[in-house]
Every structure is written in structure tokens, then in C-alpha cells.
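In UniProt numbering, the protein residues as written are 5 to 336. A virtual CB, placed ideally from N, CA and C, is assigned to each residue, including glycine.
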Ligand code: TYM
């Protein structure tokens, strides 16, 4: 079985629809066909300031949401990044292989540090993508299921894997991104020119999966579309409508062409009302299941302990091989 690996940050509150459709949904599907490793990346989260109690709670909350979304610890290895110390260790090695200019070209860093101000941005934020490289290479992943915004980080991973292999001999699998065309980039409901994200300019454009379903329905019904009335999938000319069609299609398993036909001659109102309903049907059980997992933190923690043990077995082997190839003297 080919191997996949991916990660998600333990954000405050809840995952959003972009996280789910862009990544987590694929994780759930891939655990059936692949040897799958999925983690909550708490070490990445601390590249910006975090309140300790909140970080701990958000890490459990992230795990609960992943389980609610359908990850099954019997079918995949689910763990918390900081439980596997090899991530930080290989991260250092990768830092020593990455050019300063190369890291400086990472667009997510440029965006995030511009928002925070250059003085507030940490060195950790700067080397964030390099830790991500280590995450992926530790597991010899063949594919990495992510959203479009992570493509550049996977490119960096490929470059560093090839560089290391070229210099020290075949050590790492060179991974490919696994990004779906239809859902690789979910857009903000109020501004379909930008991707949906926690840092949206207005909360009305952001669908948090754990929000009150009524509030979510309202956001969908007031989504920004355009001034003509034709329901047609055309991301260039009709980004708002196309975003809604893409979300609708994925959540219901209906082809976009069928949706276009279904709504032919009807206004945007009908499409939005129906999609609002589809969304409510999706988020309502998701919320309930998440809460059930959260209510039982002991089970959650013991499942994470097993996940970390499975992950470590793989990660430790790769790290040992890496140290050896580079000539680090083994401890007797
Ligand atoms: P994070 O936590 O920001 O996001 C988790 C996943 O959600 C995807 N995503 C989206 N997809 C479609 N449309 C959107 N609007 C949207 N917003 C977010 C992201 O692409 C991501 O797949 N750096 C990673 C975490 C990470 C990782 C890794 C991923 C750390 N190590 C190793 C893969 C492999 C991140 O920030 O994800």
C-alpha cells in the first residue's frame, strides 16, 4: 500500500469548511486504500503565540474533530506531532540543508509575517515549512493530501529530499502532492477572490464546522455571488457561484453538471437555500460526534498514545538512517 501523510493545526474553536473539503475529507477516503499517517501539528501551531491551556484544549479538540469527520484509528495512524520527538530532530537536519534564500521565498511566510509585522514574526515561523518537510520525509510518504495553499511546501519537500538523496545516497521517498481540482481551494463566502481562512476580513465569509448550524445556514444564504442570474460553473467569470456549486457537489456527491441542470432557470436563491440545508445536515451530526469524543478525554489520550507509538517506530528508523548517512557519530 502506498503511504500518505498529512497534518492539520490545532486552531482555536473549530476547523473550517476549507480544511474539511480541501484536506480532511480526502484523509478519510485515503485511509481505506493507503497506509495513512495523520497528525495534529502542535509544534507548527506554536510558531505564533499560544496560550498553554488553550493549546492543550485545542489539540484534543482537533483530534475529536478528525474522529468525528471519519478517521478511524484502526485504519490509520493518528497522532500528535510533539509526541514524536523525531519531528523536531529531523527538522533541525532539514534546516541545515535549506538555503536562507530558498526559505525566504515561501509565500505563506511572507503573507503571515507581513500581517504580524516583521519584528513580531519568529524564526520558528520562518522555518515552519522546513519542519513540514521533516514531517513528510520521516514517514517516506508517497503522497501528501492537502489544499492548494500547501503546494509550495510540498515542492520544497521534494527539493530537499532530492538534495539529500543526491548528496548522501538514496534515503528519502520524494513525495507528490495530492490536491483535488474541485476542492483544493475553497473560497470565502463573502469574497470569492480569496481562500476561506480563519483570518478572513469578515466572519460572515468563514464557515466554522462547529458553529451553530443556524448561523452557518445564514452565511450560506447570504453568500456573495454576482449580478447575472445564470447558475453555471465558471471559476474565472463566476467565482462565487462556482464556489457554491463545488461545495454542494462535493458534500452531496452530485456532479456539477447535474446541479447546473437542476437549477437551470432558477435564481441563486434556490441554490443557496438548498445548499444551506445540505450544510446543516452535514454539520449537525459532526458537532454531536465531536462533543461525544471530547466528553471522553481518557479514550482520546490513550488512542493518541497508541498512534504515537506506531508513528515513532517508522520515524525513528528514518532518523537513525539519516544521522548515519550524514556521518553523525552513533552513541554507544
Ligand atoms: P492548516 O492547518 O493550515 O490547514 C489544514 C489543511 O486545510 C487545507 N486548507 C484548505 N483547503 C482548501 N481550501 C481552503 N480554503 C483551505 N484552507 C486550508 C490546507 O491546505 C491543509 O491541507 N502546513 C499545514 C500543516 C502541516 C502539514 C504537514 C500538512 C504540517 N505538517 C505535513 C501536510 C504534511 C497547514 O498549515 O495546515
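Heavy atom of the ligand TYM within 7 Å of residue i beta-carbon
{"i": "residue 200", "result": "yes"}
{"i": "residue 134", "result": "no"}
{"i": "residue 27", "result": "yes"}
{"i": "residue 148", "result": "yes"}
{"i": "residue 45", "result": "yes"}
{"i": "residue 187", "result": "yes"}
{"i": "residue 87", "result": "no"}
{"i": "residue 13", "result": "yes"}
{"i": "residue 23", "result": "yes"}
{"i": "residue 48", "result": "yes"}
{"i": "residue 157", "result": "yes"}
{"i": "residue 226", "result": "no"}
{"i": "residue 195", "result": "no"}
{"i": "residue 251", "result": "no"}
{"i": "residue 190", "result": "yes"}
{"i": "residue 154", "result": "yes"}
{"i": "residue 115", "result": "no"}
{"i": "residue 151", "result": "yes"}
{"i": "residue 9", "result": "yes"}
{"i": "residue 97", "result": "no"}
{"i": "residue 139", "result": "yes"}
Residue i classed as buried or exposed, judged by whether at least 16 other C-beta atoms fall within 10 angstroms
{"i": "residue 90", "result": "buried"}
{"i": "residue 241", "result": "exposed"}
{"i": "residue 215", "result": "buried"}
{"i": "residue 181", "result": "buried"}
{"i": "residue 253", "result": "buried"}
{"i": "residue 265", "result": "exposed"}
{"i": "residue 318", "result": "buried"}
{"i": "residue 333", "result": "exposed"}
{"i": "residue 104", "result": "exposed"}
{"i": "residue 56", "result": "exposed"}
{"i": "residue 196", "result": "buried"}
{"i": "residue 151", "result": "buried"}
{"i": "residue 174", "result": "exposed"}
{"i": "residue 271", "result": "exposed"}
{"i": "residue 115", "result": "exposed"}
{"i": "residue 312", "result": "buried"}
{"i": "residue 295", "result": "exposed"}
{"i": "residue 257", "result": "exposed"}
{"i": "residue 232", "result": "exposed"}
{"i": "residue 139", "result": "buried"}
{"i": "residue 170", "result": "exposed"}
Contact check, residue i vs residue j, beta carbons under 8 Å
{"i": "residue 3", "j": "residue 72", "result": "Within the shown structure, residues of the chain are numbered from 5 to 336, placing residue 3 beyond reach of any answer."}
{"i": "residue 186", "j": "residue 235", "result": "no"}
{"i": "residue 210", "j": "residue 204", "result": "yes"}
{"i": "residue 145", "j": "residue 102", "result": "no"}
{"i": "residue 44", "j": "residue 75", "result": "no"}
{"i": "residue 88", "j": "residue 316", "result": "yes"}
{"i": "residue 260", "j": "residue 275", "result": "no"}
{"i": "residue 304", "j": "residue 67", "result": "yes"}
{"i": "residue 93", "j": "residue 323", "result": "yes"}
{"i": "residue 330", "j": "residue 172", "result": "yes"}
{"i": "residue 338", "j": "residue 10", "result": "Coverage of the chain is limited to positions 5 through 336, which leaves residue 338 absent and any answer about it impossible."}
{"i": "residue 165", "j": "residue 184", "result": "no"}
Supposed close pair residue i, residue j - CB separation, criterion 8 Å
{"i": "residue 190", "j": "residue 21", "result": "6 Å"}
{"i": "residue 280", "j": "residue 224", "result": "4 Å"}
{"i": "residue 308", "j": "residue 8", "result": "Not a contact, Cβ separation roughly 19 Å."}
{"i": "residue 2", "j": "residue 193", "result": "Residue 2 lies beyond the stretch modelled for the chain, which goes from 5 to 336, so this question has no answer here."}
{"i": "residue 63", "j": "residue 99", "result": "Their Cβ separation, rounded to whole angstroms, is 24 Å, which puts residue 63 and residue 99 out of contact at 8 Å."}
{"i": "residue 298", "j": "residue 65", "result": "7 Å"}
{"i": "residue 153", "j": "residue 199", "result": "6 Å"}
CB contact check: residue i to chain C, cutoff 8 Å
{"i": "residue 32", "result": "You won't find chain C in this structure, because it holds only one protein chain."}
Practice problem: Would you check if the stretch 44–56 and the stretch 10–27 touch, i.e. whether three or more CB-CB distances between them fall below 8 Å? | Solution: yes
Self-check item: Any 3 or more C-beta pairs closer than 8 Å across the stretch 281–288 and the stretch 132–149
Solution: no
Quiz prompt | the stretch 65–80 in contact with the stretch 35–43 per 3-pair CB rule at 8 Å | solution = yes
Quiz item: Pairing CB atoms from the stretch 107–124 with CB atoms from the stretch 22–30, are three or more of them under 8 Å?
Solution: no
Quiz item: For the 8 Å Cβ check, are there 3 or more pairs between the stretch 155–169 and the stretch 121–128?
Solution: no
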